[in-house]
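For the sequence shown, counting from 1, position 13 maps to 13 in UniProt numbering; every step adds exactly one. The C-beta atom is built at its ideal place from N, Cα and C for all residues, glycine as well.
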Amino acid sequence: MAQVKKITLPLTEETLKDLRAGDNLLLTGVMYQGRDAAHKRIVEALDQGRPLPIDLKGQTIFFMGPSPA
1 MAQVKKITLP LTEETLKDLR AGDNLLLTGV MYQGRDAAHK RIVEALDQGR PLPIDLKGQT
61 IFFMGPSPA
């Protein structure tokens, strides 16, 4: 079984340097989630130079889509 890396969010540059594609992670801390509409609003705000309501630097954003269940 592959080793699990324990990561505390928000991410730091140092933490990111040690991660590789395929790593098994155990994430602890604040993680934001949003659907396509939320991501679109974030991009539009940034493109228009408007400030975001929260600082996303180093934050983890998880895309969450609808479920048929």
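Which residues share a DSSP beta bridge with residue 16?
Looking at the DSSP assignment, residue 16 forms no beta bridge with any residue, so it has no partner.
Relative to the C-alpha of residue 10, which residue among 27, 48, 35 and 50 is closest?
27
Where residue 7 falls, given that 16 or more other Cβ within 10 Å makes a residue buried:
buried
Nearest-angstrom Cα separation, counted from residue 24 out to residue 3
7 angstroms
Whole angstroms are fine: how far does the CA of residue 12 sit from the CA of residue 53?
Each residue's alpha carbon lies about 21 angstroms from the other.
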